[in-house]
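Colleague: Okay, handing you the structure first.
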Amino acid sequence: MNNQYAVLFHRNKLNPILTANNWPYPINSVFNAGATLLKDGTTLFLCRVEERSGISHFCVAKSANGVDGWIIDKKPTLRPDPDKFPEELWGIEDPRITYVPELKKYVVVYTAYTRDGPGVALAQTEDFITFERFGVIMPPDDKDAALLPRRINGSWAMIHRPVSAPRAHMWISYSPDLRNWGEHTLMMNARKGAWWDANKIGLSPPPIETPEGWLLIYHGVKLSCGGCIYRLGLALFDLEKPEICLKRGREWIFAPEEPYELNGDVGNVVFPCGYTLAKDGDTLNIYYGAADTCIGLATASLSELLDWLDKNCEE
Ligand code: BMA
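Numbering (the working numbering), first residue to last: 1207 to 1521.
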């Protein structure tokens, strides 16, 4: 066979695993879900649900095996609250969940769609029923953010993606208390020219801690006359100085190919906001928004990803 390349992400045969048709109340679409494993092994999604007004909220869905049998909250779990948080005027989007052992809480970092564009907001929860909202912690334009699960040299660390139009790179910032952020440091640049990740990149799911470093699955946005293509690549960062990039893959590793990824409200998009790691410590379940319309699952081996990155990183 010609044109053979490494296939690292394997789509589940039940894909798309969640769609608007599964929803217990009327919605437009469900995509870009944050994901975590609860203590009893249940997979929990905090789904971005787009209402039939265009505004998004979050809704919890749970499954024993992370593939099917989803039990979905009968009504929105977390809605934008523009009376108390005016920066959530046009909705809340793209949650990324980090379980923080020190706090014994889940920290959810998400996009607040403000009058002036997307900003980064943070909330913490113990049970995904009640949430303590901190409001906007990074002003617009900023999004694609997730918290690291532990302090780095005494400070909390958050990866995010401010825009300096027309380009957008990944940054990391540090905080003593999750509210006040500083030490803003450039982490990784978008490439230039014809590259798949030229001009605009961003974190996809939260970083994955491995003995070799923080593994980041990030998205690159290729813009052409035909529109945008959202694809995924890999990079590895230093465990104790996460702004230092150790390796960056040359090629993308996952791209829209299936009909539900190519066609939808925004075609040509694969956009994971969450993953879970199986008990074997190697199998990653990567949950991705497909075409801003539904949720897909792809499975990958962590050791294969690290191995591929080793052999396919830029010099
Ligand atoms: C990004 C985010 C995502 C969306 C993607 C593709 O900028 O806004 O919510 O899935 O674009 O439309």
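Just so you know, even glycine gets a beta-carbon here, dropped at the ideal spot from N, CA and C.
Note that the structure is a prediction, hence the values are computed from the model and not measured.
Just to check, is the beta-carbon of V1326 closer than 6 angstroms to a non-hydrogen atom of the ligand BMA?
Modeller: No; taking the cut-off as 6 angstroms, the Cβ of V1326 has no heavy atom of the ligand BMA nearer than that.
Colleague: Would you list, in sequence order, the uninterrupted beta strand (DSSP E) runs of no fewer than 3 residues that lie entirely inside the region 1376–1422?
Modeller: The qualifying runs are 1376–1381, 1388–1394, 1407–1409, 1414–1416.
Colleague: Which partner residues of Q1330 appear in the DSSP bridge assignment?
Modeller: Answer is V1313, E1338, bridged to Q1330.
Colleague: Beta-carbon separation of F1340 and L1353 under 7 angstroms?
Modeller: Result no, Cβ atoms of F1340 and L1353 do not sit closer than 7 angstroms.
Colleague: Taking the beta strand (DSSP E) that S1370 falls in, what are its first and last residues?
Modeller: Segment 1362–1370, the beta strand (DSSP E) holding S1370.
Colleague: Given a cut-off of 7 angstroms on the beta-carbon distance, is the pair A1241 and S1235 in contact?
Modeller: Their beta carbons are not under 7 angstroms apart, which means A1241 does not touch S1235 by this criterion.
Colleague: Inspect the beta-carbon positions of V1306 and T1283 and report whether they are closer than 7 angstroms.
Modeller: No.
Colleague: Going by beta carbon distance, what residues of the same chain come within less than 7 angstroms of I1261, once the five residues before and after it are set aside?
Modeller: Contacts found: P1286, W1296, G1297.
Colleague: Counting pairs of Cβ atoms below 8 angstroms between the region 1400–1411 and the region 1427–1445, do you hit three or more?
Modeller: Segments in contact, yes.
Colleague: Using DSSP with H/G/I as helix, E/B as strand and the rest coil, what is A1226?
Modeller: In the structure shown, A1226 sits in a helix (DSSP, three-state: H, G or I).
Colleague: Rounded to a whole number of angstroms, what is the C-alpha to C-alpha distance between V1475 and C1431?
Modeller: C-alpha separation (whole angstroms): 16 angstroms.
Colleague: Give the straight-line distance between the Cα atoms of D1322 and V1369, rounded to the nearest whole angstrom.
Modeller: Looking at the two C-alpha atoms, the distance is approximately 13 angstroms.
Colleague: Going by the C-beta, is V1476 closer than 6 angstroms to any heavy atom of the ligand BMA?
Modeller: For the ligand BMA, not one heavy atom lies less than 6 angstroms from the Cβ of V1476.
Colleague: Measuring only the C-alpha atoms, how far is W1377 from A1396?
Modeller: Cα to Cα, the separation comes out at about 11 angstroms.
Colleague: Return the residue from the list I1223, P1346, Y1231 that minimises the CA-CA distance to N1238.
Modeller: Ranking I1223, P1346, Y1231 by Cα distance to N1238 puts I1223 first.
Colleague: Just how far apart, CA to CA, sit K1453 and E1418?
Modeller: The alpha-carbon atoms of K1453 and E1418 are separated by roughly 10 angstroms.
Colleague: Which same chain residues, not among the five before or five after D1274, have their C-beta less than 8 angstroms away from its C-beta?
Modeller: Same-chain partners within the cutoff: L1220, I1223.
Colleague: Identify which residue in F1334, Y1319, P1478, E1415 has its Cα closest to the Cα of I1358.
Modeller: Minimum Cα distance to I1358 is reached at E1415.
Colleague: Among R1258, P1301, L1252, which residue has its Cα nearest to the Cα of I1277?
Modeller: When only C-alpha atoms are compared, the closest one is L1252.
Colleague: Which value, in whole angstroms, describes the spacing of the CA atoms of A1363 and K1280?
Modeller: Approximately 34 angstroms between the Cα atoms of the pair.
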